[in-house]
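All remarks here apply to the structure that follows.
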Amino acid sequence: MKKIITASLVALATATGFLVNNQPAQAHPRRYYPYPLYRNYPFYRGPISYCYPVTNWAIDQDPGYHPQAYADGYRQGQQSKRKGNTYKPRTAGGEFARGFDDGYYGREFSGQKHVVPNEYKPYNTSQCSWY
Numbered sequence: 041m042k043k044i045i046t047a048s049l050v051a052l053a054t055a056t057g058f059l060v061n062n063q064p065a066q067a068h069p070r071r072y073y074p075y076p077l078y079r080n081y082p083f084y085r086g087p088i089s090y091c092y093p094v095t096n097w098a099i100d101q102d103p104g105y106h107p108q109a110y111a112d113g114y115r116q117g118q119q120s121k122r123k124g125n126t127y128k129p130r131t132a133g134g135e136f137a138r139g140f141d142d143g144y145y146g147r148e149f150s151g152q153k154h155v156v157p158n159e160y161k162p163y164n165t166s167q168c169s170w171y
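The sequence shown begins at 41 in this note's numbering and counts up by one.
Set out below in structure tokens:
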């Protein structure tokens, strides 16, 4: 009941605010300059936008091969087995999936075998500004 009353009061206040506080729109008058060079241009010339190419770098991080992937997978596999969850193969793949399998099935901790560094890939885009 309190929610209905609160919602109706908010709706009533909002509707009243829109109905009472509306003001008519009025356009600004055009300004014509007496100088012959500006006869055809009613306003000052506004800012001009320009765009230029920019090269940025994206980092391609492989989630299955970070330096602690095997240890994280092993720990999560052990926790999953302790909780009694059914086995689900991991989509990250790589060292993480190998560690998860070893931890889930209770195998000996063998450690990380492969580390793939992050890959930096350039991509081009445009950046715009005003002058």
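Here a beta-carbon is modelled for each residue, glycine too, at the ideal position from N, C-alpha and C.
Relative to the Cα of residue 167, the nearest Cα in the group 59, 51, 90 belongs to 90.
Taking C-alpha positions only, residue 142 is separated from residue 150 by approximately 9 Å. Residue 144 sits in a helix when the DSSP states are folded into three classes. For residue 156, the secondary structure class from DSSP, reduced to helix, strand or coil, is coil.
Under the DSSP definition of a beta bridge, residue 99 partners with 160. Residue 144 sits close to residue 118, with the two beta carbons spaced by under 9 Å. Residue 135 and residue 116 do not touch by the CB rule: their CB atoms are close to 13 Å apart, not below 8 Å. In the DSSP assignment, residue 165 is bridged to 94. Secondary structure at residue 89: strand, using DSSP grouped into helix, strand and coil.
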